[in-house]
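Visitor: Residue numbering for the sequence shown follows the UniProt record's numbering, starting at 1 and increasing by one per position.
Glycine is no exception: its CB is placed at the ideal position from the N, C-alpha and C atoms.
In this text, all values refer to a predicted model and were calculated from it rather than measured experimentally.
The structure that follows is given in the form of structure tokens.
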Amino acid sequence: MEMDSNETQPKVVVSSPARRISLRQMTLSDVDHYMVWATDAKVAQFCSWEPCTSREEAITYITDSVLTHPWLRAICLEDDRPIGYILIMAVDDIRKEIGYVLARKYWGKGFATEAVRLVTAEIFKEMPEIERLEALVDVDNMGSQRVLEKVGFTREGVMRNLIIMKGSVRDMVMFSFLPSDPLK
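Below, the structure written as structure tokens:
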């Protein structure tokens, strides 16, 4: 598989103050690292996607969905190895939604919190039109709820029967962060 210069030398977008993680564009050369979390049913439990079943499927997903996404960054360790990703999705002209996924080995170690804090601190500068950053979290996904609360997101309430996820109607917790909110 050929790689262009962007794939061989990924651009670092931003690093955490502790320098434990950095965020950068994902590339096709990240496919094997992507497979670590994308094939894990526990990681995919609260995601809209099913676990990946082959390297070819992963390459297709990265090519069609990751590389074409308007704002998706790999969450990387000091050695530039991706351990997950974080993304911003448009809701409308002034609202964006944040989402993230992390390899299970790194759960509970503060990496997701660092990534969400980094993006939350920067996204209002990068996209000054944003008035509200939102996160929708499954009511049973307590880890993700804790991440958002640690960063300073406001828990607004439970939205009952909001979505169908993997064949089940699910309640979701709505979180928000405004440009005037203090980052924790």
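(1) Please classify W49: is it buried, with 16 or more other beta-carbons within 10 angstroms of its beta-carbon, or exposed?
(2) Along the chain, where does the beta strand (DSSP E) containing D143 start, and where does it finish?
(3) Ignoring anything shorter than 3 residues or poking outside the UniProt domain "N-acetyltransferase" (21–179), list the beta strand (DSSP E) runs there in chain order.
(4) State yes or no: is the beta carbon of D181 nearer than 7 Å to at least one beta carbon in chain B?
(5) In chain order, what residues of the same chain have a beta carbon less than 6 Å from the beta carbon of G99, not counting five sequence neighbours either side?
(6) Taking the CB atoms as reference points, tell me whether I62 and L28 lie closer together than 7 Å.
(7) Can you tell me the Cα-Cα spacing of residue 230 and Q25, whole angstroms?
(8) Roughly how many whole angstroms lie between the Cα atoms of N141 and I59?
(9) For E131 and R95, what's the separation of their Cα atoms in angstroms?
(10) Mark I164 as exposed unless 16 or more other C-beta atoms lie within 10 angstroms of its C-beta, in which case mark it buried.
(11) When you compare the CB positions of Y85 and L67, do they come within less than 7 Å of one another, or not?
(12) Ignore the nearest five residues each way along the sequence and tell me which others in V139's own chain have a CB closer than 8 Å to its CB.
(13) Cβ of F177 within 7 Å of Cβ of T120?
Guide: Taking the geometry as given:
(1) By 1-based counting over the sequence shown, the position of residue 49 is 49. The residue is exposed, with fewer than 16 neighbouring Cβ atoms inside 10 Å.
(2) By 1-based counting over the sequence shown, the position of residue 143 is 143. Position check: residue 143 holds Gly in this sequence, whereas Asp was assumed. Not the beta strand (DSSP E): G143 falls in the alpha helix (DSSP H), residues M142 to V151.
(3) You should have 21–24, 72–77, 82–90, 95–102, 132–138, 154–165 and 168–177.
(4) The structure shown has no chain B; it contains just one protein chain.
(5) Residue numbering aside, residue 99 sits at position 99 when the sequence shown is read from its first letter. So the qualifying residues of the chain are L87.
(6) In the sequence shown, counting from the first residue as 1, residue 62 sits at position 62. In the sequence shown, counting from the first residue as 1, residue 28 sits at position 28. Yes. Within cutoff.
(7) Residue 230 cannot be examined here, being either before or after the span of the chain that is shown, 1 to 184.
(8) In the sequence shown, the residue the question calls residue 141 occupies position 141. In the sequence shown, the residue the question calls residue 59 occupies position 59. Taking the straight line joining both Cα atoms gives about 28 Å.
(9) Locating residue 131 in the sequence shown gives position 131, where the first residue counts as 1. Locating residue 95 in the sequence shown gives position 95, where the first residue counts as 1. So the two alpha carbons sit approximately 6 Å from each other.
(10) The residue given as residue 164 occupies position 164 in the sequence shown. Classification for I164: exposed.
(11) The residue given as residue 85 occupies position 85 in the sequence shown. The residue given as residue 67 occupies position 67 in the sequence shown. Going by C-beta atoms, Y85 is not nearer than 7 Å to L67.
(12) As a working mapping, residue 139 is identified with position 139 in the sequence shown. Contacts found: V158, R170, D171, M172 and V173.
(13) Residue 177 sits at position 177 when you count from the first residue of the sequence shown. Residue 120 sits at position 120 when you count from the first residue of the sequence shown. Taking 7 Å as the cut-off, the beta carbon of F177 is found closer than this to the beta carbon of T120.
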